[in-house]
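Novice: This is the structure, below, for whatever I ask next.
There are 2 protein chains.
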Amino acid sequence: MYRTHTCGELRITDIDKEVSLAGWVQAVRKFGSITFLDLRDRYGITQLLFGEDLNKVLDNDPPGREFVLQVTGRVSERSNKNAQISTGDIEIAVSSFKILNRSAVPPFSIQDDTDGGDDLRMKYRFLDLRRNTLKKNLELRYAVNRSARNYLHEHHFMDIETPFLIRSTPEGARDFVVPSRMNPGQFYALPQSPQTFKQLLMVSGYDRYYQVVKCFRDEDLRADRQPEFTQIDCEMAFVEQEDILVMFEGLIRQIFKEVKGITYSGEVERMTWEDAMWTYGNDKPDIRFGMKLCNLRFPSHTFTGKPSITSLIEGANFPVFDTAETVIAIAVPGCSEYTRKQTDELTEWVKRPQIGMKGLVFIKCNADGTYKSSAEKFYSEERLKSIAESAGAIAGDLVLILAGAEEKTRKAMSELRLEMGRRLALRKEDEFRLLWVLDFPLFEYAEDDNRWVARHHPFTSPKPSDIDTMIGNDPVITNPAEYLKHPYANIKANAYDMVLNGNEIGGGSIRIYQRELQEKMFEALGMDKAEQQHKFGFLLGAFEYGAPPHGGIAFGFDRLCAILGGSESIRDFIAFPKNNSGRDVMIDAPSTIDEKQFTELQIRLNLK
Amino acid sequence: MYRTHTCGELRITDIDKEVSLAGWVQAVRKFGSITFLDLRDRYGITQLLFGEDLNKVLDNDPPGREFVLQVTGRVSERSNKNAQISTGDIEIAVSSFKILNRSAVPPFSIQDDTDGGDDLRMKYRFLDLRRNTLKKNLELRYAVNRSARNYLHEHHFMDIETPFLIRSTPEGARDFVVPSRMNPGQFYALPQSPQTFKQLLMVSGYDRYYQVVKCFRDEDLRADRQPEFTQIDCEMAFVEQEDILVMFEGLIRQIFKEVKGITYSGEVERMTWEDAMWTYGNDKPDIRFGMKLCNLRFPSHTFTGKPSITSLIEGANFPVFDTAETVIAIAVPGCSEYTRKQTDELTEWVKRPQIGMKGLVFIKCNADGTYKSSAEKFYSEERLKSIAESAGAIAGDLVLILAGAEEKTRKAMSELRLEMGRRLALRKEDEFRLLWVLDFPLFEYAEDDNRWVARHHPFTSPKPSDIDTMIGNDPVITNPAEYLKHPYANIKANAYDMVLNGNEIGGGSIRIYQRELQEKMFEALGMDKAEQQHKFGFLLGAFEYGAPPHGGIAFGFDRLCAILGGSESIRDFIAFPKNNSGRDVMIDAPSTIDEKQFTELQIRLNLK
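Heads up: the sequence lines are chains G and V, in that order. Residue 2 is where the first sequence starts when you use this note's numbering, and the numbers rise one by one after that. Residue 2 is where the second sequence starts when you use this note's numbering, and the numbers rise one by one after that.
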C-alpha cells in the first residue's frame, strides 16, 4: 500500500494524523530553508511542507514537475488557508519521502490553460489526460454512462452483448472489414450499429435490451466525427412510438438530474420534420431561441398545407428574388443599427464556400419606424415593412433574406440563423432544450439510380396509416421527373430524433416486423429477392417465427457527453480519439503489418 | 401500449382486473367448447381461457405455437392451480384478442429439453434464445455484469473506454487486422486486450480504471474458445500485489453473494505456481478435492527444495519406471475393487491421443490390507505398500501411476486426476473454491529461437527482489543446453491468477513502470532498440513522464459466467457465439465482400 489517503481527502478534522500520500508534483515553492510542494492525484491537490532537514535532501535531488512522490507525514493546520481547494485548510508536515519515478520536462504544462497545441497534445495524450479539463470530461462521461445504465436497469432493460465480427452488408455508410484467416477469401465487418442483432433479440423475447457499445463507420472524417464511436443502444418490444418517446425522455431527464443537477421540468417539445424544415430550415433545430424562418417563396411539392406569401416579394422586378426557387427571411433582434461594415461582413460570411450563397439582402427596421434595405431600389418602404413584419420583425430588428435553390438556401438560412444566435449569445451553454422531431419521410429519392433510398435505415416502419400505400403500390418510378407524385414520396416513417440544443443526440424508429413489408422495403431499395436473401435472409427468416412489434433508439454517447459538458468537440470527451485522418498519432496507428500476416490472411496490397 | 402487464406479473390479488397481455403461444389445450392457451414472454407464462364465443373465432384461424398474440380480458381465479409457476393461481378470461404475428412451425421445440441439435440451434439462434435455459444464462450474465460494475463503482473505479482500432504488435497471439482505407497500405489491429491503454491511463493519473470490454484473438479455435470474448478489465495505481488480491477477492465475493446468494466465507487460498504444478500438475488446480500428486520421480531443476523419494521405485528393474524422466502417482479413494475391465478402460483412456501416455500402472489397496498391482512382478507387496502410502492411499483406494517425459506426464496426471474427480462426483457444481496462484516464472525458454519469452506478457514486473538480477545480467543464453542455469530462469513474476474450480477466471500482474526495466524486458524477448521504439515507443515515452507503480487484472467474463451458471460451455452464455471455424452460421459471416470494397481498400486476395 503506497498511501493511506488520496490528495483530495484530508480535512481540518484529520489534524495530527500520520498519513501517507502518493501523487505527482504539481508545483514547488521554495522559501529559504523550507519548501512547499503541491502533490496532485485524481482526487485533488494537497500541500506538502518540507522542513529544514528534508530540505537539504530535496536540494541534493530536487523533484521536478510531474515527478511521482510518496510521502509520509503529519496533517497540520495551514496558516495560510486556500479556500479554492477542498484540502486547503491543511498541509502535510513531511517526515519522509521517496521519489517513485522521475519525469522529463513535459512538452506542455499540465494546467487548465495549457500552452500545448492540438497536435502536441494528441501525441502526448497520456499527459493531456492529466489536465483537469479532460479529467472532468471523462468523469462526466462516466457519470452519464452510469446514470443511463441505472435508469435502464430500473426499467427492466438487460445489457446483452452483440457480436463485433459480423457480416458486411454495406447499405448506408462504408463498413470496416476484417479478413478471416480461418475462412480465406472471406471477411467479417465491424458493426455500424447492432441494429439487426437487437431486432433478433426482440424476436427472441428479450423485450428490453440495451448496450453502451462501440460502433464503426469507415467514412471520410469531418470535424467531430470519429471512425469508432459509442452508442447507448436500446430496443423494446410490444411498444408504439409514444411508449418509446416517454421512456427515453425519462432517460434524458434522469441524466440531466444526476449528472448536471438540473430538473428538466415541462414537456419535451415535439415537432414534425416538415415543421422543423419550414420553421428552422433544419431537422435538428436549436429551439433555445426564435428567429424563425419566414418562407417568402418555396417550390410547390416541398411542403404540404403551408400558406404562400409570395405576393409580398412579387412584381418588383427584383431579379434576385424573381429568379430564385426559394426566398427566406429571418428577423434578427436588435440589430437594425448594424453598420455597412457589419452587413458587408455578413454578406461575405454567406458567400464563403461552406455556405455558398451569392449574396444577402437586408432590411433595417429602424427604431424611428423607417425601413432601409439593400433592395430599396425595388421595394417601397411600405413593401419592406410588409416583408419585415411577415418575418416577425419589430422596430430595432434587422431582417436578413437569402434567395436561391431550395435545398441550398434553406440550409444556408439555417446556418445563418445559428450564427446570428451565436453572435447574439442566444445559444446559452447552460440552457438545455430538448425536442422530438417526428414524422420523417420514409424514403428519399436517389436521382442517380432512379430509385428510393431509406432515409433512416431499411428496418424503419412506415406510419401504420401508410402501410397499405406501401404494400399496394409498385415502388418503381416510371417518370423520374415527377417522382414527387409517386405514392412512396409521401410515406412518413415511424421514426423520431431527439434533439438537444440543435444537436441530434438520439434517433430511432418503430421497426418493420412483418416479412411481407420488409421485403417490400428491400424491393423499394432496389434489392431483388436473391440479394435480399443473401444479405438479410436471417432477418427475413426470423420474421417467420413470431416477431413481435418493436422499436428502439440509439443515442450518440460521445456527442451527448460533449453537449452536457458544454463543448462542441466530442474529441475532448474520448480518452484516446483519432485525428481527422483516422490516425491515433500517439501509438502511430494504423501501421504496416508483417509479411507473415499477409501470408496467413491470404491477401496482399494492391496500391494505386 | 400493447399490454398493461407482463406474463409473469399477475397474482391472486389482481382478481377482476381488466388487463392486456402480449406474448408468444407456448401451448394450446382444447377441451370441447373452451380452449386454454399458455402465453409466454420474458417474465413468465400466463394461462388464457377462451370461452365459447371466442372459441369459434379461434377455430376459424387457430393460433399455433410461437404465434404472437395480444389479448384483453379479466383476471380470474383458477380452479386448477399450478404451484410451479408464479402466475399459477390465476388465468385470464379473454374478452378479445389479436394475432400480432404468425409463426411457421419452429424447427425445434422451444422447451428446456429441446429436440434441436447443436447446428440447428446455432442457425436459428434467435429461436434457441427463447428457451428458458439460455434466457437464464443471459440473465445471469447481466447480473454478473451489473454486480461487478457496482462493486467497482463503489470502490472508485472509473469505466473509461479504450480504442478498438489500434496498432498491430503481434507478441503473443495473432491479431485480427483491419485495412485502413484512408491510410492505404496500413492496417489497424483489434485489441487482444486494452493492456497498454490501461497502463497509459495509470500514467495519466486515473488510478482506478475498469471496463467490461470485447477483446479479439485470431487463434485456431479449440472447443470453448471464441475469436471475440469479453473481459472485465481493471487496473490500479499506487498498489502492490497484496492490494490487488484483496480488492478483487472482494469483487468475486460480491458477485457470489449478489448473483448466487452465496456468502463465500473464509480466506481465499493462495498457492505458488511451483506448488500448484508439484501438487496438482496444473497451474489452475481444482481444489474442491484432494487426490494430490505423489512425485515419485522428477527431473532436477524442475522444482526447488522438493524432497526426492525416488528410492521408493528404484532398483526393481521395472523398465517403465526406470527409463522415465518423471513418475507420478495419485490415490483414488474407494476404487480398489475396480474390475479388470475398469482398469483396462482407464488404461485406454490415458492412451488416447489427447492424453498420449503409453500405459497406466495401478496398485489396488485392498480392504483386507493386501496389495495387488499391474507391476507386482517387479515390486514386492511391501514396496507396493510404501508407494501407495506415499501417495496417501488407505485401504480401499486405487493408486494410479503414470511414467514418461516430465511435461507430458505431469499434464496427463493432472487430466487423469480431474477425470477421476469427475467420475467420483467430487467436482460438485454447487461448490465454489477460489484460489490465487502466485509467483509464476517471469520467463519461459523458447527453444526454437534460443531466447526468453514472457510467460504472462512483456509488461509484467519481476518480483521486487528479482529486479537487480534482471537489470544486472545479460539476457542472452550462451549455452542453450543449460538455459536453466541462466539467472533469468529463476526470476519470478509479480503475477497472479485467480482460479475457480479448476478454471482460470482472472489473471494479472504488477506492471513494469520504469523505462530501463521495460527496455531490459523487451531486450530479453529479442527486440532491439529500433524495434522497441517502433512498436512500443509510446509506452517507453510515457514512462519518461512520471509513471506511477501500478498493476491490474482481467477476468474472463464469458468463462466466469459459465462457471457460475454450472456449465462447461461458454457458448451457452454468449447471445450470438461463433462456431469452431469462427463462423456465425445464423448470419453466415464471414462472407465475401464486393469488388468495390477491395478497390477502395487497395487490397486483393492472394489465395493459396
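Each residue gets a CB set at the ideal place from its N, CA and C atoms; glycine is no exception.
Would you say the stretch 313 to 321 of chain V touches the stretch 364 to 381 of chain V, given that touching needs at least three Cβ pairs under 8 Å?
Specialist: Yes, since at least three Cβ pairs between the stretch 313 to 321 of chain V and the stretch 364 to 381 of chain V fall closer than 8 Å, the two stretches touch.
Novice: Just how far apart, CA to CA, sit Cys336 (chain V) and Gly422 (chain V)?
Specialist: Translated into positions along the second sequence, residue 336 (chain V) becomes position 335. Translated into positions along the second sequence, residue 422 (chain V) becomes position 421. C-alpha separation (whole angstroms): 12 Å.
Novice: Could you tell me which chain G residues have their CB closer than 8 Å to the CB of Asn184 (chain V), listed as they occur along the chain?
Specialist: Within the second sequence, numbered from 1, the residue matching residue 184 (chain V) stands at position 183. Within 8 Å Cβ-Cβ: Ser582, Gly583, Arg584 and Pro591.
Novice: Exposed or buried, Lys521 (chain G), counting other C-beta atoms within 10 Å across all chains shown (16 or more means buried)?
Specialist: What you label residue 521 (chain G) is simply residue 520 of the first sequence in a count that begins at 1. Answer is buried; the Cβ neighbour count reaches 16.
Novice: Grouping DSSP H, G and I as helix and E and B as strand, with all else coil, what is Arg289 (chain G)?
Specialist: For the purposes of this step, residue 289 (chain G) is identified with residue 288 of the first sequence, where counting begins at 1. Here Arg289 (chain G) sits in coil by DSSP.
Novice: Could you please give me the residues that DSSP links to Cys216 (chain G) through a beta bridge?
Specialist: On the first sequence, position 215 is the one that residue 216 (chain G) refers to. Cys216 (chain G) pairs with G:Phe230.
Novice: Going along the stretch 138 to 166 of chain V in order, which residues come within less than 9 Å of chain G, judged by CB to CB distance?
Specialist: Under the 9 Å Cβ criterion, the stretch 138 to 166 of chain V contributes Leu139, Glu140, Arg142, Tyr143, Asn146, Arg147, Arg150, His154, His157, Met159, Asp160, Ile161, Glu162, Thr163, Pro164, Phe165 and Leu166.
Novice: How many whole angstroms separate the CB atoms of Thr327 (chain V) and Ala392 (chain V), which I take to be in contact at a CB cut-off of 8 Å?
Specialist: The count along the second sequence starts at 1 and reaches residue 327 (chain V) at position 326. The count along the second sequence starts at 1 and reaches residue 392 (chain V) at position 391. Not quite, the Cβ-Cβ distance comes to about 15 Å (not below 8 Å), so this is no contact.
Novice: Going by C-alpha to C-alpha distance, which of G:Asp208, G:Lys82, G:Phe165 and G:Tyr484 sits closest to Phe127 (chain V)?
Specialist: As a position in the second sequence, residue 127 (chain V) is number 126, starting the count at 1. Answer by Cα proximity: G:Asp208.
Novice: How far does the beta strand (DSSP E) with Gly508 (chain V) in it reach, from first residue to last?
Specialist: Within the second sequence, residue 508 (chain V) is the residue found at index 507, counting from 1. Where Gly508 (chain V) is concerned, the enclosing beta strand (DSSP E) stretches over Asn504 to Ile511.
Novice: Quick one: Cα of Val438 (chain G) to Cα of Thr88 (chain V), how far?
Specialist: Here residue 438 (chain G) is taken as the residue at index 437 of the first sequence, counted from 1. Here residue 88 (chain V) is taken as the residue at index 87 of the second sequence, counted from 1. In a straight line, the C-alpha of Val438 (chain G) is about 41 Å away from that of Thr88 (chain V).
Novice: Any contact between the stretch 281 to 300 of chain G and the stretch 254 to 267 of chain G? By contact I mean 3 or more CB pairs, one from each, below 8 Å.
Specialist: Cβ pair count under 8 Å is below three, so no.
Novice: Taking buried to mean at least 16 other C-beta atoms within 10 Å of its own C-beta, is Met123 (chain G) buried or exposed?
Specialist: As a first step, residue 123 (chain G) must be located in the first sequence, where it is residue number 122. Counting Cβ neighbours within 10 Å, Met123 (chain G) comes out buried, since at least 16 surround it.
Novice: What ranges does the alpha helix (DSSP H) occupy inside the stretch 550 to 600 of chain V, keeping only unbroken runs of at least 4 residues that lie completely in it?
Specialist: Runs found: 558 to 565.
Novice: Exposed or buried, Gln85 (chain G), counting other C-beta atoms within 10 Å across all chains shown (16 or more means buried)?
Specialist: Counting from one through the first sequence, the residue named residue 85 (chain G) turns up at place 84. Under this definition Gln85 (chain G) is an exposed residue.
Novice: Please classify Leu38 (chain G): does DSSP put it in a helix, a strand, or coil?
Specialist: Counted from its first residue, the first sequence places residue 38 (chain G) at position 37. Strand, per DSSP.
Novice: List the endpoints of the continuous alpha helix (DSSP H) containing Thr280 (chain G).
Specialist: For the purposes of this step, residue 280 (chain G) is identified with residue 279 of the first sequence, where counting begins at 1. Its alpha helix (DSSP H) spans residues Trp274 to Tyr281.
Novice: Please determine, among V:Gly173, V:Asp284 and V:Pro108, the residue with the shortest C-alpha to C-alpha distance to Val500 (chain V).
Specialist: Position 499 of the second sequence, counted from the start, is the residue given in the question as residue 500 (chain V). The residue with the shortest Cα to Cα distance from Val500 (chain V) is V:Asp284.
Novice: Interface residues of chain G around Ser205 (chain V) at Cβ under 7 Å?
Specialist: On the second sequence, position 204 is the one that residue 205 (chain V) refers to. By Cβ distance, chain G contributes Phe127, Leu130 and Arg131.
Novice: Looking only at its own chain, which residues have a Cβ that is under 6 Å from the Cβ of Gly507 (chain G), when we skip the five neighbours before and after it?
Specialist: On the first sequence, position 506 is the one that residue 507 (chain G) refers to. Met499, Ile554 and Phe556.
Novice: On a Cα-Cα basis, can you pick out the residue from V:Ser96, V:Ile331, V:Gln112 and V:Arg41 that is closest to Phe51 (chain V)?
Specialist: The residue you call residue 51 (chain V) lines up with position 50 of the second sequence. Answer by Cα proximity: V:Ser96.
Novice: Determine the chain G residues that contact Asp449 (chain V) at a beta-carbon separation under 7 Å, and present them in chain order.
Specialist: Translated into the one-based positions of the second sequence, residue 449 (chain V) becomes position 448. Here the premise fails: no neighbours, minimum Cβ distance about 15 Å.
Novice: Any Cβ of chain G within less than 8 Å of the Cβ of Ile472 (chain V)?
Specialist: As a working mapping, residue 472 (chain V) is identified with position 471 in the second sequence. No - not a single Cβ of chain G is within 8 Å of the one on Ile472 (chain V).
Novice: If we require 3 or more residues per run, which beta strand (DSSP E) segments fall completely within the stretch 57 to 119 of chain G?
Specialist: You should have 69 to 78 and 91 to 102.
Novice: Can you confirm whether Thr231 (chain G), when its beta carbon is compared against all beta carbons of chain V, has any partner nearer than 8 Å?
Specialist: As a working note, residue 231 (chain G) is residue 230 in the first sequence. With 8 Å as the cut-off, Thr231 (chain G) counts as an interface residue toward chain V.
Novice: Starting from Lys18 (chain V), follow the beta strand (DSSP E) in both directions and report where the run begins and ends.
Specialist: Numbered from 1 along the second sequence, position 17 holds the residue referred to as residue 18 (chain V). No beta strand (DSSP E) holds Lys18 (chain V); DSSP gives it neither H nor E.
Novice: Against chain G, does Ser510 (chain V) count as a neighbour if the rule is that its beta carbon must be under 8 Å from one of theirs?
Specialist: Working through the second sequence from its first residue, we reach residue 510 (chain V) at position 509. So no, Ser510 (chain V) is outside the interface.
Novice: State yes or no: is the C-beta of Pro591 (chain V) within less than 8 Å of the C-beta of Phe188 (chain G)?
Specialist: What you label residue 591 (chain V) is simply residue 590 of the second sequence in a count that begins at 1. What you label residue 188 (chain G) is simply residue 187 of the first sequence in a count that begins at 1. Yes, the Cβ-Cβ distance between Pro591 (chain V) and Phe188 (chain G) is below 8 Å.
Novice: To the nearest angstrom, how far is it from the Cα of Glu162 (chain G) to the Cα of Phe577 (chain V)?
Specialist: Taking the first sequence and counting its residues from 1, the one referred to as residue 162 (chain G) is at position 161. Taking the second sequence and counting its residues from 1, the one referred to as residue 577 (chain V) is at position 576. Cα to Cα, the separation comes out at about 8 Å.
Novice: Looking at the C-beta of Met248 (chain V), does it have a partner C-beta in chain G at a distance below 8 Å?
Specialist: Within the second sequence, numbered from 1, the residue matching residue 248 (chain V) stands at position 247. No - not a single Cβ of chain G is within 8 Å of the one on Met248 (chain V).
Novice: If you run the structure through DSSP and keep just helix, strand and coil, what is Lys407 (chain V)?
Specialist: Within the second sequence, residue 407 (chain V) is the residue found at index 406, counting from 1. It is Glu, not Lys, that sits at residue 407 (chain V) in the sequence shown. Glu407 (chain V) falls in the helix class under three-state DSSP.
Novice: What is the residue span of the alpha helix (DSSP H) that Leu11 (chain V) lies within?
Specialist: Along the second sequence, read from residue 1 onward, the residue named residue 11 (chain V) stands at position 10. Leu11 (chain V) -> no alpha helix (DSSP H), and no H or E assigned at all.
Novice: Just to confirm my understanding: we take Glu270 (chain V), look at its own chain, exclude 5 residues before and 5 after, and list those with CB closer than 6 Å. What are they?
Specialist: As a first step, residue 270 (chain V) must be located in the second sequence, where it is residue number 269. Contacts found: Leu436.
Novice: When you compare the CB of Ala548 (chain G) with every CB in chain V, is at least one pair closer than 8 Å?
Specialist: The residue given as residue 548 (chain G) occupies position 547 in the first sequence. So yes, Ala548 (chain G) belongs to the interface.
Novice: Output yes if chain V places a C-beta closer than 8 Å to the C-beta of Pro107 (chain G); else output no.
Specialist: Numbered from 1 along the first sequence, position 106 holds the residue referred to as residue 107 (chain G). Chain V contact via Cβ: present.
Novice: Tell me whether Pro286 (chain G) is buried or exposed, calling it buried when 16 or more other Cβ atoms sit within 10 Å of its Cβ.
Specialist: Stepping through the first sequence from its first residue, residue 286 (chain G) is reached at position 285. The residue in question, Pro286 (chain G), is buried, as its Cβ has 16 or more Cβ neighbours within 10 Å.
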